[in-house]
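As structure tokens, the structure follows; a few thoughts come after it.
Protein chains: 2
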Amino acid sequence: MKSPKGRELITRVITAPGDDAGLFLTNLRVRGWMDHETLAKHRADLVMVALLGDRHGRAAVDYSVNPALGFPDATGPEGSTQPVSHVLPAWDCIAGNMAVTALLAAERHRLRTGQGQEVLFSLKDAAAAMLGNLGIIGEVCVNGTDRPKYGNALYGGYGQDFICADGARVMVIGLTDRQWRGLLKATGTQDAMAQLEARLGESLSDEGARFRHRAAITDLLSPFFARHSVDAFAKEFDSKGVTWSQFRSFAQAVHEDPDLSPENPMFHMIEQPGIGTYPTPASPLDFSRIARQAPVAAPKLGADTEEVLADVAGLTAGEIASLFDDGTVTGPRGDKFFVNAAE
Amino acid sequence: MKSPKGRELITRVITAPGDDAGLFLTNLRVRGWMDHETLAKHRADLVMVALLGDRHGRAAVDYSVNPALGFPDATGPEGSTQPVSHVLPAWDCIAGNMAVTALLAAERHRLRTGQGQEVLFSLKDAAAAMLGNLGIIGEVCVNGTDRPKYGNALYGGYGQDFICADGARVMVIGLTDRQWRGLLKATGTQDAMAQLEARLGESLSDEGARFRHRAAITDLLSPFFARHSVDAFAKEFDSKGVTWSQFRSFAQAVHEDPDLSPENPMFHMIEQPGIGTYPTPASPLDFSRIARQAPVAAPKLGADTEEVLADVAGLTAGEIASLFDDGTVTGPRGDKFFVNAAE
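Here the protein sequences line up with chains A and B, keeping their order. Once you know that position 215 of the first sequence is 215 in UniProt numbering, the rest is easy, because the numbers rise by one and skip nothing. Once you know that position 92 of the second sequence is 92 in UniProt numbering, the rest is easy, because the numbers rise by one and skip nothing.
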């Protein structure tokens, strides 16, 4: 990428002709030879989507964006003062999906008008927008409150974790009215809850009331779970439409949950050469008119070099050979796999 | 929605003619009169995207999906055995973005072929696919390990939180080679780190080595932060390209970070009637050919009823009046706002 010949090649691949080409998604810094203006000299209708770190062009990663927005401060056991960063790189996952939206929207515009364009956004802006979308900015500005840690309680409705007789931990949800009534019925706590409502002088049919009185509700539900092992109520909870789940570790989830195995048509057993064979997901989206593509093993870094140079850049066999000879490009490299990273 | 007249109206709105119509995104159960087959009798090329709870059609919410997959078990202070659910409804945010991708992809197919279709997916499958995409399923199956809690450490590279002289907490990142070298330079720990490498007999230029030896690295970096307040190094860290951030609460973030204020062109001060005025985000995506739409106040539930009935369903003023009269539809209702929920 540092040699003029390498840059020329990359430009040729990015700006290749065709309706399904000229679509460039990157998280590199888009300056100089790789900016939209320069690339568009080679294909005027180029669509380019660039994901930056923050709007100032500084680098940022999921683990630096997240603490800046306040989530670790609101995560963890009630009463604790230690911030807890979540393990899921959620902002990467969200921004990655937004990049696809940007690409599809810009391609839609190109198809209708013939115009290409550049779409810029940043990991931090994606997160900041979500902070607003979730109502958290409004909550701070209007209520003047700073949300404390609520442990594993669902915020704004009823949802709580319980330890069962067999030591397993479950999460039960009473967010919607249907879920709330189903939970009381399945645990036989309707009468006890009606007595609580009488004591409080307040109906728990309002989700906000359920959140405020969650400790009292939890006290009434706890004995049911302390008396039963998960097996004793799992089927009944499912048949009665209770929204619930069991806390599992990653390994327990992979080994015990059929939804994470090839029993789920989304998963296929795929051999990743040099690593092993394990359930690998296809897209979660199931289109009725387009067969879901099965996942394939990740290619080695450089595995597609020749094919791309021939089919996309349109080079001859002789030209390709000389690029290999002078070291401008390389073929598959030992143990390096191509891995997509959102940062 | 329970009256035949109501259902007929909804069908008419969903299946209205035009290139920009006939696009239906829902998280309702799509059975009976609202399934794709029935609706497609009114518009054959209908595109419909339905987000379910799980693939079996059971209800699920972010807070029930997340424990089932193992994230709370791997989140929280090192050595703790308490699962910690994260506060961000990450799976809702991810699935919501996937729904947009599905809609745009299906509309793209329709534009090229004239065919409509149904796209089904579930919140749990979206999360399960991400578990695979992140390599966690492979990690369990190949290494046979169950990832323990690593506190606020960045997994697989170097990233750690530090308490500064002024009591503030910062996160610093040494994930890429450039970030790692920048961090050592800015903290003046190059020599100390070279001595650590000599003692270990191992180079820390490999990110995996940095993760394994993170405790020793943290020991060498801690004195710098213990000696300095954030103000003392913030500008230098930024100018030297260190990837870092400060832990803030939601309120601190909103009050202190200009990226969450109208200084950021993504945010506008919007008055939400009956609630207040606060920074509200536009889309984080900035298209060069399409001006970014400013955010607007959320409409009251029912505020657009008349307009939709006239412009989309094509009803006359008389027909609309009679629908209001017989209670099939209602206008704006007191304090109920229309809120999009991914579950």
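No residue lacks a Cβ here, since even glycine has one placed at the ideal position from N, Cα and C.
Give every residue of the same chain whose Cβ lies closer than 6 Å to the Cβ of B/E271, excluding the five residues on either side of it in the sequence, and list them in chain order.
T277
Chain A beta carbons: is any one of them nearer than 7 Å to that of B/Q115?
yes
Please check if any C-beta of chain A sits within less than 7 Å of the C-beta of B/F237.
no
According to DSSP, is B/K300 part of a helix, a strand, or is it coil?
strand
Closer than 7 Å by C-beta to A/V254: which residues in its own chain qualify, once you throw out the five before and the five after it? Chain order, please.
Within the same chain, A/V254 has close Cβ partners L260.
Compare the C-beta of A/L46 against all C-beta atoms of chain B and say whether one is closer than 7 Å.
Taking Cβ atoms only, chain B never reaches closer than 7 Å to A/L46, which makes this a no.
Beta-carbon proximity list for A/G6, same chain, < 7 Å, skipping 5 on both sides:
T328
Could you give the distance in angstroms between the alpha-carbon of A/D35 and the alpha-carbon of A/V47?
12 Å
Neighbouring residues, chain B, relative to A/G70 (Cβ below 9 Å):
F247, R248, S249, F250, A251, Q252, A253, V254
Contacts around A/F185, its chain only, beta-carbon distance under 7 Å, and the 5 residues preceding and following it disregarded:
For clarity, residue 185 of chain A is Lys in the given sequence; the question names Phe instead. Cβ within range, chain order: K240.
On the premise that A/F250 lies in contact with B/I136, defined as a C-beta separation below 8 Å, what is that separation, rounded to the nearest angstrom?
With 8 Å as the limit, B/I136 and A/F250 qualify as a contact, their Cβ atoms being about 5 Å apart.
Identify each residue in the stretch 185-199 of chain A for which the Cβ-Cβ distance to at least one residue of chain B is less than 7 Å, and report them in chain order.
none
Please confirm if A/A342 has its CB atom under 7 Å from at least one CB of chain B.
Reliability fails at A/A342, whose pLDDT of 30 lies under 50, so the model's placement of it is uncertain and the value that follows must be treated cautiously. Output row for A/A342: interface = no.
Identity of the residue in B/G53, B/G138, B/V100, B/A129 nearest A/G274 by Cα:
Of the candidates B/G53, B/G138, B/V100, B/A129, the one whose C-alpha sits nearest the C-alpha of A/G274 is B/G138.
Quick check on B/P148: does DSSP put it in helix, strand or coil?
Residue state, collapsed to three classes: coil.
Can you find at least 3 beta carbon pairs, one from the stretch 79-94 of chain B and one from the stretch 154-162 of chain B, that sit closer than 8 Å?
Inter-segment contact for the stretch 79-94 of chain B and the stretch 154-162 of chain B is absent: fewer than three beta-carbon pairs are separated by less than 8 Å.
Looking at chain A, is there any beta carbon in it that lies within less than 7 Å of the beta carbon of B/E271?
no
If I'm right that B/T243 touches A/S85 with Cβ under 8 Å, what's the distance once you round it to whole angstroms?
Contact annotation, B/T243 with A/S85: C-beta distance approximately 15 Å; criterion of less than 8 Å not satisfied.
Alpha-carbon spacing of A/L28 relative to A/G57, whole angstroms
10 Å
Let me know the alpha helix (DSSP H) ranges lying completely inside the stretch 30-67 of chain B, each 4 residues or longer, listed in chain order.
36-39
Quick check on the DSSP output: what are the complete beta strand (DSSP E) runs of length 3 or more inside the stretch 99-178 of chain A, in order along the chain?
Qualifying beta strand (DSSP E) stretches, in chain order: 117-122, 158-163, 169-174.
Residue from A/R289, A/D19, A/F287 with nearest C-alpha to A/T113:
A/D19
7 Å Cβ cutoff, B/A59 in contact with chain A:
yes
Please determine if the stretch 120-136 of chain A and the stretch 311-318 of chain B are in contact, where contact requires at least 3 C-beta pairs separated by less than 8 Å.
They do not touch, by the three-pair rule.
In chain order, each alpha helix (DSSP H) run of at least 4 residues that lies wholly inside the stretch 183-211 of chain A:
190-200
A/Q82 touches chain B at which residues, Cβ-Cβ below 8 Å?
P77
Measuring straight from C-alpha to C-alpha, what distance separates B/L196 and B/L183?
Rounded to whole angstroms, B/L196 to B/L183 spans 16 Å at the Cα level.
Under the three-state reduction of DSSP, which class applies to A/P281: helix, strand or coil?
Of the three classes helix, strand and coil, the one that applies to A/P281 here is strand, per DSSP.
At a Cβ threshold of 7 Å, is B/F121 touching chain A?
yes
Which residues in chain B sit within 9 Å of A/W244, going by Cβ to Cβ distance?
S64
From what residue to what residue does the beta strand (DSSP E) around A/T243 run?
Segment 243-246, the beta strand (DSSP E) holding A/T243.
Would you say B/Y278 faces chain A, with C-beta separation under 7 Å as the test?
yes
Taking only beta-carbon atoms, is B/F224 less than 7 Å away from chain A?
no
Would A/V140 be called buried (16 or more neighbouring beta carbons within 10 Å of its own) or exposed?
The residue is buried, with at least 16 neighbouring Cβ atoms inside 10 Å.
Ordered along the chain, which non-local residues of its own chain (more than five positions away) have a Cβ less than 7 Å from that of A/T187?
L221, F224, listed in sequence order.
Compute the Euclidean distance between the alpha carbons of B/I10 and B/P4, then round it to the nearest angstrom.
10 Å
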